[in-house]
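Residue numbers (mature numbering (1 follows the signal peptide of the UniProt record, and there is no 0)): -21 to -1, 1 to 486.
For glycine and all other residues, C-beta sits at the position ideal for the given N, C-alpha and C.
Just so you know, these numbers come straight off a predicted model, no measurement behind them.
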Ligand SMILES: *[C@@H]1O[C@H](CO)[C@@H](O)[C@H](O)[C@H]1NC(C)=O
Ligand SMILES: *[C@@H]1O[C@H](CO)[C@@H](O)[C@H](O)[C@H]1NC(C)=O
Ligand SMILES: *[C@@H]1O[C@H](CO)[C@@H](O)[C@H](O)[C@H]1NC(C)=O
Ligand SMILES: *[C@@H]1O[C@H](CO)[C@@H](O)[C@H](O)[C@H]1NC(C)=O
Ligand SMILES: *[C@@H]1O[C@H](CO)[C@@H](O)[C@H](O)[C@H]1NC(C)=O
Ligand SMILES: *[C@@H]1O[C@H](CO)[C@@H](O)[C@H](O)[C@H]1NC(C)=O
Ligand SMILES: *[C@@H]1O[C@H](CO)[C@@H](O)[C@H](O)[C@H]1NC(C)=O
Ligand SMILES: *[C@@H]1O[C@H](CO)[C@@H](O)[C@H](O)[C@H]1NC(C)=O
Ligand SMILES: *[C@@H]1O[C@H](CO)[C@@H](O)[C@H](O)[C@H]1NC(C)=O
């Protein structure tokens, strides 16, 4: 068994904790043997009553492997909240949490906070058809709102006394193969779905991680683990022989119970099914077109049981990345966080794309940097180029990029003395992203190295690090405007200068 070695690469568990008494030495999460109760929340992946793998679900295995009492509250079909991604199924916020509180209230379950761990695995229904993927949200909900909702589950339970949490992030959903199936039979562009669901899963997981990292500061004594389901399933799919053990050829593209439908056929029809039987079933990663197989569930259970019952020393070797509480910011750092004093800034150095390029004014007039330098009486040093993306290594365009052109041009200019700027008196701005996100880049997947929104955003943050190393100290990061409201991208968009081929305007 290659569990210990594998887990380091597969599932990085991030245990964040904060204690008022000793912020510098956060405790490492529950001690071995400390946890006796296992309270589960989520959707069909975790529901033990309406089973999604036609066998035994992972929470039952995990409770068995780690000798825990299971208190299951997950419901098939669940979204996080009906106020964001409404569905005709119970939701975590409106049903699962109230059911748990009712059960605690009438004493039908008794769980001591010290001895109890709470898990949440949710998102598949929030990200999928009829919600974020195809539209059907309310209150203009985005991936950010839906992710906030899942992190809110920790806040709510914490207030009631809960202290130990395991947050299971979202699977690589885009890996599931696509034909009309019981979950969707209407016409669709499978490439576009695949691209968008990948962006949603990857960016939602990254947003969750960042939100979880800041959470312990406001929740003293909480132990929060991030279980990386995304990496675990990628590893199952990349190295199936390490995980799948059935008697049929290993199968990561099909399903134990695979049913093909005709386009637009009713999803309540049975479809044309191919079923694997008996020990053949353990050769499959997926049970059906959406759900993990029982053997994949055993793997999830084994990894979760290990996370809960292995000793902290072992975890720090193999399983965990620890983070420090954000409250540990020193007073000096905090003072610096107020930004430059009035009158301090004399130079404005601008980076970006056509929104900021002053040599080729795309607004057929005067661009904002010229106005801003005028209004603030600053010297302008413009380095933005029309058409720029952040990096040619992620979203290549036939135009100069920030990393490969703009920064080198700035360093050449400071190097030969043609511009001289004192760090204290200079502010650097970056407004980038429109070209990284648009047609010919992320929107149509013309990227390199499988780049996602997360990589492109990391690149923009890297601009700060690069300038900092050269001495720069004041930065203004301009985020991306609501592009969905720009005429090019709006649902009533027409053929224009930037795109004149057929497209689905809602997607
Ligand atoms: C579910 O599993 C049982 C055996 O455990 C099998 O008889 C049945 O056909 C399976 N159902 C489906 C839909 O795969
Ligand atoms: C306690 O509340 C739960 C959840 O509402 C319910 O299922 C259970 O039947 C109740 N038990 C008792 C003893 O009242
Ligand atoms: C959703 O956004 C639109 C503009 O795109 C706005 O008119 C509307 O009021 C918003 N609705 C809610 C519920 O926030
Ligand atoms: C499907 O979507 C992809 C990615 O957006 C696009 O390149 C392709 O042209 C689309 N196919 C059809 C038939 O619309
Ligand atoms: C595969 O391994 C699991 C343990 O992870 C075991 O329960 C199962 O019976 C095995 N399946 C087969 C077909 O041997
Ligand atoms: C995988 O399973 C599907 C049924 O879902 C089947 O059509 C396909 O041939 C299988 N592939 C392999 C490599 O066995
Ligand atoms: C650009 O502005 C000039 C006047 O400043 C005007 O004559 C010209 O028509 C404008 N061009 C476009 C394409 O709007
Ligand atoms: C300094 O380098 C910049 C950027 O390469 C160039 O545009 C400029 O002409 C150079 N100036 C001198 C004085 O060499
Ligand atoms: C991109 O991802 C695919 C699998 O989705 C993989 O086969 C390929 O090697 C990846 N390419 C790079 C450059 O990482």
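key: Continuous beta strand (DSSP E) assignments of at least 3 residues falling wholly in the stretch 9 to 96   = Qualifying beta strand (DSSP E) stretches, in chain order: 16 to 21 and 48 to 51.
Cβ contact (3+ pairs, closer than 8 Å) linking the stretch 398 to 407 and the stretch 317 to 330 = yes
query = Can you tell me where the alpha helix (DSSP H) with residue 263 in it begins and where it stops?
reply = Counting along the chain, residue 263 falls outside any alpha helix (DSSP H), and DSSP gives it neither H nor E.
request  = Counting only runs of 4+ residues fully inside the stretch 424 to 467, write out the alpha helix (DSSP H) ranges in chain order.
outcome  = 432 to 448
inquiry  = Following a CB-centred definition, is residue 424 positioned closer than 7 Å to any heavy atom of ligand 4?
reply    = Taking the Cβ of residue 424 as the reference point, at least one heavy atom of ligand 4 falls within a distance shorter than 7 Å.
Distance between residue 177 and residue 209 (C-alpha atoms, nearest Å) = 11 Å
Local Cβ density within 10 Å of residue 195, reported as buried at 16 or more and exposed below that = buried
ask   = Do you know how far the Cα of residue 277 is from the Cα of residue 133?
value = Cα to Cα, residue 133 sits roughly 26 Å from residue 277.
message = If you measure between the beta carbons of residue 487 and residue 191, is that distance less than 8 Å?
response = Examination of residue 487 is not possible in this model, given that the chain is present from -21 through 486 alone.
query = Should residue 33 be listed as close to ligand 1, given that the test is whether its C-beta is under 7 Å from any heavy atom?
reply = yes
query = Closest to residue 406 by CA distance: which of 25, 346, 454 and 89 is it?
reply = 454
query = ligand 5 heavy atoms versus the CB of residue 261: any closer than 7 Å?
reply = yes
message = Along the chain, where does the alpha helix (DSSP H) containing residue 389 start, and where does it finish?
response = 386 to 394
query = If you run the structure through DSSP and keep just helix, strand and coil, what is residue 203?
reply = In the three-state scheme derived from DSSP, where H, G and I count as helix and E and B as strand, residue 203 is classed as strand.
task = Kindly indicate which three-state DSSP category residue 363 falls into: helix, strand or coil?
result = Three-state result, residue 363: coil.
ask   = Buried or exposed: which applies to residue 86, given that a residue is buried once 16 or more other Cβ atoms fall within 10 Å of its Cβ?
value = exposed
request  = From the DSSP output, in three-state form, read off residue 251 for me.
outcome  = strand
request  = Grab me the residues of residue 147's own chain with a C-beta within less than 7 Å of its C-beta, minus the 5 sequence neighbours each way, in chain order.
outcome  = 98, 99, 100, 206 and 208
Simplified DSSP assignment, three categories, for residue 215 = helix
message = Contact between the stretch 57 to 73 and the stretch 32 to 43 is defined here as three or more beta-carbon pairs at a separation below 8 Å; is this criterion met?
response = no
key: CA nearest to the CA of residue 9, picked from 367, 187, 144 and 257   = 144
query = At a cut of 8 Å, does the stretch 264 to 278 reach the stretch 229 to 243 through at least three beta carbon pairs?
reply = yes
ask   = Buried or exposed: where does residue 341 fall if 16 or more other Cβ atoms within 10 Å of its Cβ makes it buried?
value = exposed
ask   = Across which residues does DSSP place residue 410 in a beta bridge pair?
value = 331 and 457
query = Sorry if obvious, but does the Cβ on residue 342 come closer than 7 Å to a heavy atom of ligand 7?
reply = no
ask   = Hey, quick one: how far does the beta strand (DSSP E) through residue 491 stretch, first residue to last?
value = Nothing in the structure corresponds to residue 491, since the chain is present only between -21 and 486.
ask   = Shortest alpha-carbon distance to residue 246 belongs to which of 160, 252, 363 and 355?
value = Closest by alpha carbon: 160.
message = So, at 7 Å on beta carbons, what are the nonlocal neighbours of residue 128 in its own chain, with the 5 sequence-adjacent residues on each side left out?
response = Same-chain partners within the cutoff: 59, 60, 63 and 72.
task = Give me the Cα-Cα distance between residue 318 and residue 459, rounded to the nearest whole angstrom.
result = 21 Å
task = Verify the contact flag: residue 254, CB atom, against every heavy atom of ligand 1, threshold strictly below 7 Å.
result = yes
Reference residue 102, options 81, 74, 152 and 77, closest by Cα = For the residues 81, 74, 152 and 77, the minimum Cα distance to residue 102 belongs to 152.
query = Where does residue 431 land, buried or exposed, given buried means 16+ other C-beta within 10 angstroms?
reply = buried
From 321, 250 and 338, residue whose alpha carbon lies closest to that of residue 359 = Nearest option by C-alpha distance: 338.
query = If you drop the 5 nearest sequence neighbours on each side, which residues of the same chain put their C-beta closer than 7 Å to that of residue 174?
reply = 424
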